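S.K.: Take a look at this one; I'll ask things after.
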Amino acid sequence: MSQILKRLKVPPNSASLEEARTRTFEFFRMCCRSIPHVMEIYNLHDVVTPSQLRSAAAAEVRKNANITNPKVIDMLLFKGMEELMNIVNQSKQRHHIVGQYVVGNQGLVQDVSAKDRDASNFLKKFYSSNYS
Amino acid sequence: MASALRSAILRHIRIPATQAVSANGLRLTAVRLMSSHDDHITKDEVIKRVLDVVKCFPKVDPSKVTPEVHFEKDLGLDSLDTVEIVMALEEEFKLEIPDKEAVRIESCEQAIEYVYNHPMSS
């Protein structure tokens, strides 16, 4: 184990914005290629399709689209890689994945049926503020 | 360069699948059962499936999609959307497109050409 950890290195910082951009796309491709495995190990076939998960991953990348500092992009890529490793190594549970990437930012409370529209605003706000 | 030349040559070579007769009179056929080499997908099928993938992309207006359409110029997508479409194509045709070649796919035409010339696409 210590042998592996010794060899594990963080790649050097990106020298330019262009390099950071290329690395971002590489990371995104890696995410996309791990989607079939992730769907298998978390048993997600009945709740989501691979293309929805791809779009969710793209949305996560796009959240930080305005950042132009290569060092900050490197840091975000590191965090993204950490998240991907946690998911692929199954350090998370199914509800983490469903909550973060399938249900997404809308939260569990979505005004889809007539019944939901009549629910109290207080409870909706309570759910959305306490759900993460 | 070498791979382009190779695929150009391989596409024009045709070996007729004739029935051979062996020395003791048994007929040997050139049909290889259980072989995946003979059922390479046709160009029409590639075009249809590539267009289906692009049309299914959420940000794309399906009526605008034609075999010549450029992802960024004609469909108004950005570079990340392009990467996403290429990944969808990888999944559809069960390929793994290397990064250097993936960045060169920027239009439906290039995607169709790449998939059609790829020996492993299915």
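If you read the sequences in order, they're chains A and B. Start counting the first sequence at 1; every next residue gets the next number (this note's numbering). Start counting the second sequence at 1001; every next residue gets the next number (this note's numbering). Note that CB positions come from ideal geometry on N, CA and C, so glycine has one too. Remember, predicted model here, so these are calculated numbers, not experimental data.
Got a sec? Which residues, its chain only, sit under 8 Å from B:Leu1005 by beta carbon, not counting five neighbours each side?
M.R.: Result list for B:Leu1005: empty, nothing under 8 Å.
S.K.: Return the residues of the region 1092-1107 of chain B that lie within a Cβ-Cβ distance of less than 8 Å from chain A, sorted by chain order.
M.R.: So the list reads Glu1096, Asp1099, Ala1102 and Val1103, given in the order they occur along the chain.
S.K.: Compute the Euclidean distance between the alpha carbons of A:Ser51 and B:Glu1091, then round it to the nearest angstrom.
M.R.: Taking the straight line joining both Cα atoms gives about 10 Å.
S.K.: Taking 7 Å as the CB-CB limit, is B:Met1120 close to chain A?
M.R.: No - not a single Cβ of chain A is within 7 Å of the one on B:Met1120.
S.K.: For B:Glu1072, which residues in chain A fall below 8 Å Cβ to Cβ?
M.R.: Residues of chain A passing the Cβ test: none, with the nearest at roughly 14 Å.
S.K.: Identify whether A:His95 lies in helix, strand or coil by the three-state DSSP scheme.
M.R.: Helix at A:His95.
S.K.: Which of helix, strand or coil does DSSP assign to A:Ser51?
M.R.: Here A:Ser51 sits in helix by DSSP.
S.K.: Could you have a look at B:Glu1091 and say whether DSSP puts it in helix, strand or coil?
M.R.: DSSP places B:Glu1091 in helix when its eight states are reduced to three.
S.K.: Could you name the residues of chain B that A:Phe27 contacts, counting a contact when the two beta carbons are closer than 8 Å?
M.R.: Near A:Phe27 there are no residues of chain B at all, since even the closest Cβ is about 10 Å away, more than 8 Å.
S.K.: Would you identify the three-state DSSP class for B:His1070, choosing helix, strand or coil?
M.R.: In this structure, B:His1070 counts as strand in the three-state DSSP scheme.
S.K.: Using DSSP bridges, identify the partner residues of B:Ser1107.
M.R.: B:His1070, per the DSSP bridge assignment.
S.K.: Measuring CA to CA, which of B:Ser1003, B:Ala1002, B:Ala1111 and B:Tyr1116 is closest to B:Glu1068?
M.R.: Ranking the options by Cα distance to B:Glu1068, first place goes to B:Ala1111.
S.K.: In terms of alpha-carbon separation, which member of B:Glu1113, B:Met1120 and B:Lys1100 lies closest to B:Lys1048?
M.R.: Comparing Cα-Cα distances from B:Lys1048 to each of B:Glu1113, B:Met1120 and B:Lys1100, the minimum goes to B:Glu1113.
S.K.: Suppose you measure from the CA of A:Gln93 to the CA of A:Tyr42; what does that come to, to the nearest Å?
M.R.: Rounded to the nearest angstrom, the two C-alpha atoms are 8 Å apart.
S.K.: In angstroms with no decimal places, state the Cα-to-Cα distance between A:Asn22 and B:Ser1107.
M.R.: In the sequence as presented, Asn is not what sits at residue 22 of chain A; that position holds Thr. Cα-Cα distance, rounded: 19 Å.
S.K.: Flag A:Gly104 as yes when its Cβ comes closer than 6 Å to any non-hydrogen atom of the ligand GTP, and as no otherwise.
M.R.: With respect to the ligand GTP, the structure offers nothing, as it holds no ligand at all.
S.K.: Tell me which residues of the region 31-65 of chain A have at least one Cβ-Cβ distance to chain B shorter than 7 Å, keeping chain order.
M.R.: Within the region 31-65 of chain A, the residues whose Cβ lies closer than 7 Å to some Cβ of chain B are Cys32, Pro50, Ser51, Arg54, Ser55, Ala58, Val61 and Arg62, listed in chain order.
S.K.: Indicate whether at least one CB of chain A lies closer than 7 Å to the CB of B:Leu1077.
M.R.: By this cut-off, B:Leu1077 is not an interface position.
S.K.: From A:Asp74 to B:Glu1072, what does the alpha carbon distance come to, in whole angstroms?
M.R.: A:Asp74 and B:Glu1072: Cα-Cα distance of roughly 26 Å.
S.K.: What are the complete alpha helix (DSSP H) segments, minimum 4 residues, inside the region 53-89 of chain A?
M.R.: 70-88, all fully within the region 53-89 of chain A.
S.K.: In chain A, which residues lie less than 9 Å from B:Ala1088 when you measure between Cβ atoms?
M.R.: The answer, in chain order, is Cys32, Pro50, Ser51 and Arg54.
S.K.: Looking only at its own chain, which residues have a Cβ that is under 8 Å from the Cβ of A:Val173, when we skip the five neighbours before and after it?
M.R.: There is no way to answer for residue 173 of chain A, as the model of chain A reaches only from 1 to 132.
S.K.: Less than 7 Å between C-beta atoms, sequence neighbours within five positions excluded: which residues of the same chain meet that for A:Leu77?
M.R.: Arg23, Thr24 and Phe27, listed in sequence order.
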